[in-house]
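Asker:
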Amino acid sequence: MTSTKPSSAAAKKPAEGAPAAALHVGTSDPRTLIMNNLRQSGIFVALVVIVALFAFLTDGLSLSPGNITNIVLQYSYILVLAIGMVIVIIGGHIDLSVGSVVALTGAVSAVIVIKQGQPWWVGVLAALAVGLAVGAWHGFWVAYVGIPAFIVTLAGMLLFRGLTLRVLENISLSPFPTEYNQIAAGFLNGLLGGNGYDAFTLLIGAIGVAGYVVSCFRTRVARIRYQQPVESFALFVARMVLVSAVVMWFAWQLAHARGLPIVLIILAALVLVYGLLTRRTVFGRQVYAIGGNLSAAMLSGVKVKTVNFWIFVNMGFLSAVAGIIFSSRSNGAQPAAGNMFELDAIAAAFIGGAAVTGGVGTVVGAMAGGLIMAVMSNGMQLMSVDQSMQSVVKGLVLLVAVAFDVYNKRRAGSSR
Amino acid sequence: MGDNILEMRRITKTFPGVAALQDVSLAVAHGEIHAICGENGAGKSTLMKVLSGVYPSGSYDGEILLDGKPVNFRGIRDSEEHGIVIIHQELALVPYLSIAENIFLGNERRGRSGLIDWNRTNADAAELLASVGLRENPVTPVVQLGVGKQQLVEIAKALSKKVKLLILDEPTAALNDVDSAHLLDLMRRLRDQGITCIMISHKLNEITSIADSTTVLRDGQTVERLEMGSGEVTQERIIRGMVGRDLDSFYPDRVSTPGEEVLRIEDWTVRHPTQDRLVVDGASLNVRAGEVVGIAGLMGAGRTELAMSVFGRSYGRDITGRLFMHGKEIRARSVAEAISNGIAYATEDRKRFGLNLIDDIRRNISSAGLRKLSRLGWVHDNEETKVAETSRRDMNIKAPSVLSVVGKLSGGNQQKVVLSKWLFTDPDVLILDEPTRGIDVGAKFEIYTIVNRLVADGKAVIIISSELPELLGMCDRIYTLSAGRITGVVPVGEATQEKLMELMAKDKETAR
Chain A
1 MTSTKPSSAA AKKPAEGAPA AALHVGTSDP RTLIMNNLRQ SGIFVALVVI VALFAFLTDG
61 LSLSPGNITN IVLQYSYILV LAIGMVIVII GGHIDLSVGS VVALTGAVSA VIVIKQGQPW
121 WVGVLAALAV GLAVGAWHGF WVAYVGIPAF IVTLAGMLLF RGLTLRVLEN ISLSPFPTEY
181 NQIAAGFLNG LLGGNGYDAF TLLIGAIGVA GYVVSCFRTR VARIRYQQPV ESFALFVARM
241 VLVSAVVMWF AWQLAHARGL PIVLIILAAL VLVYGLLTRR TVFGRQVYAI GGNLSAAMLS
301 GVKVKTVNFW IFVNMGFLSA VAGIIFSSRS NGAQPAAGNM FELDAIAAAF IGGAAVTGGV
361 GTVVGAMAGG LIMAVMSNGM QLMSVDQSMQ SVVKGLVLLV AVAFDVYNKR RAGSSR
Chain B
1 MGDNILEMRR ITKTFPGVAA LQDVSLAVAH GEIHAICGEN GAGKSTLMKV LSGVYPSGSY
61 DGEILLDGKP VNFRGIRDSE EHGIVIIHQE LALVPYLSIA ENIFLGNERR GRSGLIDWNR
121 TNADAAELLA SVGLRENPVT PVVQLGVGKQ QLVEIAKALS KKVKLLILDE PTAALNDVDS
181 AHLLDLMRRL RDQGITCIMI SHKLNEITSI ADSTTVLRDG QTVERLEMGS GEVTQERIIR
241 GMVGRDLDSF YPDRVSTPGE EVLRIEDWTV RHPTQDRLVV DGASLNVRAG EVVGIAGLMG
301 AGRTELAMSV FGRSYGRDIT GRLFMHGKEI RARSVAEAIS NGIAYATEDR KRFGLNLIDD
361 IRRNISSAGL RKLSRLGWVH DNEETKVAET SRRDMNIKAP SVLSVVGKLS GGNQQKVVLS
421 KWLFTDPDVL ILDEPTRGID VGAKFEIYTI VNRLVADGKA VIIISSELPE LLGMCDRIYT
481 LSAGRITGVV PVGEATQEKL MELMAKDKET AR
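Quick note, the sequences are listed as chains A and B, same order. Final position of the first sequence in the UniProt record's numbering is 416; the numbers increase by one with none missing. Final position of the second sequence in the UniProt record's numbering is 512; the numbers increase by one with none missing.
What follows is the structure in structure tokens.
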């Protein structure tokens, strides 16, 4: 499908000339590149369209500095869950329990910090430990006993909701001390001053952009050294400029509101780490292999049980992170916290291009899927759309996104 | 040509970027068995999909005449109403429904109330089963039948649709010799009842024995139509049409110079995973460097089970016996251990067990040897691509790039990907289970050549095959397996098909 014959120019270049060659070679037909990546890029196009649509519908309100900050704060925990969920889905499983685990981890943390008066970090560590334990529990049943994840996590959803009620003794706990509250509500600002805006946020944005450009360039040089096709240099520059512009604009907006949200730093770090984990590590490969063809993976020496176990431990860990963020943001723990979060996370993964049958999906895609949901919900709230209609719209978007994906695949599949 | 039941004229079908069929013509006479052969990718399946309406009228150019009248099928139902039924290589039966339910699926026998009339369903099914010579109770779930019997159920289902033109795509690919013979007999009987059959097959000996005429396709074009009646058309003649050149010999020559023993299996015993019986019973064999050893056996003899249980205990339970590599005893309790001890096993069912069909060539090739491409858990992906490119060149994998999705390759190229994957693990002994199943002649020859190259490099190869000529053509020694026991080992110089068959058919009592 993808046309990736090394372009003749790249093939002729001697290896030592690679950095210089990086400026000149590449498959220059943008249409081929776009078509090749339609499945992946389609989701980003959809995101841009939706952002533009709501900017238009809300007279630009949705893109205001304050609102952008809000979206980050409001949906970060869903995005954290979506990272874990897309990995679970790539492995060919599902996790219905994450909402309950978010509630349980938040509750444990609240009991330790609020009721027992321990320092904030003890609560955080305890929540993470509980998350890992829950993940290990699920992993044990799925990987070593061989019960389908749907059943195991459905049981987990009930089980851990019940334990949440137990831990909280059926009442809400609040408020957290300031330090704990800062995790989700805090900002890094004023560190470097600035005139009506936060220079530190801009600096971090600039560092991020610089890091992105450098790593993209190094990848490009390495690919050329291995005589592999790359996009034309003009297109490469255009992409760098576009991404940098979007990031800097985003940083600019944040800088004009309250500065850099701490939770955004956490989220960015997770996306980076898990993006690399899925694409570049042996573990990531094995997850795709298991989801793509379980038997073939097994006969290729993949330790399927071990991998499945860690997929769920990881999901438990990320559920705990989301639980900490959510409890911090709501400044307390409620028995009903995290209700239906699993469905938002699953929807994000599927809108982001993950396949129901496993073996397909990306962390970045899931983030885009989650952001689509976030921008839509947020936009509809700004427009004071009725809660009931919001739910209807979200449901339809999920359906259309997956239908589009299935249609695309069928078209691709029927070409032979 | 007035007595042709079917004429396809100047059929052209293009997919984006490729012409799958170009001006293909096909004429099939009433009441004949017509074989279609050609290499993988020659357009056989595409042509049949055009005929059966999978590709609806309008998506191709050319015309189809049925009984002299032009027809335009909009879908499979449409073609079935005209009496054309296609039976695909991968059978389309619902495993947990009964034979009768499967036969009348979508075509249910209803009573006056509109509900299903089970008595009539089962009675009609029994009648159809009798006509295909299958003695089974119609209420038996299909999952309990072997592949051969399932094939017969498919044919019974076709008969229930009042079939006039029956298309069989590789009908004997998954069958053993006895079931194949039975099926070919049935096809002759159907022909005598006036049902026309089109058969796609790679098995040229079957074509020469059963077909009345043969159409040969190559690269999406009709090469020739051969009348088989005179008995003058030989397999070599058909091959010449398919590949456009003479294969000087079907099996490439090799000078055999076996060296030191590489793998020795001693007293290997394996119990069935769920039933209480031995699938492999005290089997011992060995293979030396630079040697090709064959394992022959009928279906159910335990060939695949022997290989898989040796390969990291991937099959069975209560496995006992000892494994030696280069004279030293090894443990291979998991696939990873087997691989690191230098054992590789290429499965007989590459789609189900060998490949991740939705992933690209590159990652399939690296999947078993990923450790070699990684450090501290990080995969070096440029190096990985380089490895894949090297394999693509060495193995002559025909694909636009190593990023092509494996599921879209032809069988032969998929098999080359499987071989590349195992060769990348740098094994000392390579177990190939049915390495050329469902692969066209040209690709078979390439695979044989690759095997010869490997043994010339000092690897040891074990080939499991249902095709005795393949074993006789490729191996130095052939072990025969019957009911889980080794019944003999024959040097190729002394082996004949008859002799092997006799050893393969030895029953349990006399097996030792």
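The beta carbon of each residue, even a glycine, is placed where N, CA and C say it ideally should be.
1) Could you tell me whether the Cβ of G361/A comes closer than 8 angstroms to any Cβ of chain B?
2) Compare the Cα-Cα distances from residue 432/A to each of V392/A, S384/A and L47/A and report the closest residue.
3) Looking at the secondary structure, which residues open and close the beta strand (DSSP E) in which M8/B lies?
4) In terms of residues, what are the limits of the beta strand (DSSP E) holding G488/B?
5) Compile a chain-ordered list of the residues in the stretch 316–339 of chain B whose CB is closer than 8 angstroms to at least one CB of chain A.
6) Just tell me which of V51/A, A143/A, S64/A and A107/A has its CA closest to the CA of V313/A.
7) Between the beta-carbon of S52/B and the beta-carbon of R74/B, is there less than 8 angstroms?
8) Distance check for Q275/B and R120/B, CA to CA, integer angstroms please.
9) Buried or exposed: where does V400/A fall if 16 or more other Cβ atoms within 10 Å of its Cβ makes it buried?
10) Mind checking whether A211/B and A35/B have CB atoms under 8 angstroms apart?
11) With burial defined as no fewer than 16 other Cβ atoms inside 10 Å of the residue's Cβ, what is the status of I372/A: buried or exposed?
12) Of the residues L298/B, G294/B, A307/B and V262/B, which one's Cα is nearest the Cα of R288/B?
13) In angstroms with no decimal places, state the Cα-to-Cα distance between I330/B and N341/B.
14) Rounded to whole angstroms, what is the Cα-Cα separation between E154/B and D349/B?
15) Under the three-state reduction of DSSP, which class applies to A22/A: helix, strand or coil?
16) Residues of chain B with CB closer than 7 angstroms to the CB of N293/A, please, in chain order.
17) For the stretch 381–396 of chain B, which residues have a beta carbon sitting closer than 9 angstroms to at least one beta carbon of chain A?
18) Specify whether the stretch 94–111 of chain A and the stretch 150–163 of chain A touch according to this definition: at least 3 beta carbon pairs, one from each stretch, less than 8 angstroms apart.
19) Name the residue from V216/B, T222/B, G133/B and I11/B whose alpha carbon lies nearest to the alpha carbon of E236/B.
20) Have a look at F44/A, S328/A, A322/A and G205/A and flag the residue whose alpha-carbon is nearest the alpha-carbon of L254/A.
21) So the candidates are P491/B, K203/B, V387/B and P427/B; which of them puts its Cα closest to the Cα of E39/B?
22) Can you pull the chain E neighbours of T347/B, defined as C-beta to C-beta under 7 angstroms?
23) Go ahead and pull the three-state DSSP assignment for N286/B.
24) Just the C-alpha distance for K386/B and A297/A, rounded to the nearest angstrom, thanks.
25) Going by DSSP, which residues form a beta bridge with residue 523/B?
26) Given that Y226/A touches chain B, what residues does it touch there, using C-beta distances under 7 angstroms?
27) Would you mind reading off the limits of the beta strand (DSSP E) that contains S213/B?
28) Step through the CB atoms of chain B and report whether any lies within less than 8 angstroms of the CB of V51/A.
29) Check whether the Cβ atoms of I464/B and R254/B sit closer than 8 angstroms, and answer yes or no.
30) Residue range of the alpha helix (DSSP H) that M248/A falls in?
31) Along the alpha helix (DSSP H) that carries V363/A, what are the first and last residues, could you check?
32) List, in order along the chain, the chain A residues whose C-beta lies closer than 7 angstroms to that of V379/B?
33) List, in chain order, every chain B residue whose beta-carbon is nearer than 7 angstroms to that of residue 419/A.
34) I want to see whether chain B comes within less than 8 angstroms of Y288/A, judged by CB atoms only; does it?
35) With a threshold of 8 angstroms, are at least 3 pairs of Cβ atoms found where one atom belongs to the stretch 75–88 of chain A and the other to the stretch 337–350 of chain A?
36) DSSP three-state call for R303/B: helix, strand or coil?
Answerer: This is what the structure holds:
1) No - not a single Cβ of chain B is within 8 angstroms of the one on G361/A.
2) Outside the modelled stretch of chain A, which goes from 1 to 416, sits residue 432/A, for which no answer is possible.
3) It spans N4 to F15 - the beta strand (DSSP E) in which M8/B sits, taken as one unbroken run.
4) R485 to P491 is the span of the beta strand (DSSP E), which, as asked, contains G488/B.
5) Listed by position, the residues of the stretch 316–339 of chain B near chain A (Cβ gap below 8 angstroms) are S334, V335, A336, A338 and I339.
6) Of the candidates V51/A, A143/A, S64/A and A107/A, the one whose C-alpha sits nearest the C-alpha of V313/A is A143/A.
7) Their beta carbons are not under 8 angstroms apart, which means S52/B does not touch R74/B by this criterion.
8) C-alpha separation (whole angstroms): 36 angstroms.
9) Label assigned to V400/A: exposed.
10) In this structure, A35/B lies closer than 8 angstroms to A211/B by Cβ.
11) Per the 10 Å Cβ criterion, buried.
12) For the set L298/B, G294/B, A307/B and V262/B, the Cα lying nearest the Cα of R288/B is the one of V262/B.
13) Here the alpha carbons of N341/B and I330/B stand approximately 8 angstroms from one another.
14) Approximately 21 angstroms, taken between the alpha carbons.
15) The predicted model places A22/A with a pLDDT of 45, which falls under 50 and marks its position as unreliable; any figure quoted below should be read in that light. In this structure, DSSP gives A22/A a state outside helix and strand, which the three-state scheme calls coil.
16) Within 7 angstroms Cβ-Cβ: L355, N356 and L357.
17) Only D381, N382, E383, T385, K386 and E389 from the stretch 381–396 of chain B bring a Cβ to less than 9 angstroms from some Cβ of chain A.
18) A contact exists between the stretch 94–111 of chain A and the stretch 150–163 of chain A.
19) Here the closest residue by C-alpha is V216/B.
20) The shortest CA-to-CA distance from L254/A to any of F44/A, S328/A, A322/A and G205/A is the one to G205/A.
21) The closest CA to that of E39/B, considering only P491/B, K203/B, V387/B and P427/B, is found on K203/B.
22) Absent from the structure is chain E; the protein chains it does hold are A and B.
23) Here N286/B sits in strand by DSSP.
24) Cα to Cα, the separation comes out at about 22 angstroms.
25) The requested residue 523/B does not occur in the structure, where chain B is confined to residues 1 to 512.
26) Close partners of Y226/A in chain B (Cβ separation under 7 angstroms): N382, T385 and K386.
27) Residues S213 to R218.
28) Look at V51/A: its C-beta is not under 8 angstroms from any C-beta on chain B.
29) Cβ atoms of I464/B and R254/B: not closer than 8 angstroms.
30) From DSSP, the alpha helix (DSSP H) with M248/A extends over F233 to H256.
31) DSSP places V363/A in the uninterrupted alpha helix (DSSP H) bounded by V363 to L382.
32) Result: R280, T281, V282 and R285.
33) Beyond the ends of chain A as shown, which are 1 and 416, falls residue 419/A; an answer cannot be given.
34) Contact of Y288/A with chain B is assigned, a C-beta pair being separated by under 8 angstroms.
35) The answer is yes - the stretch 337–350 of chain A touches the stretch 75–88 of chain A, with three or more Cβ pairs under 8 angstroms.
36) DSSP places R303/B in helix when its eight states are reduced to three.
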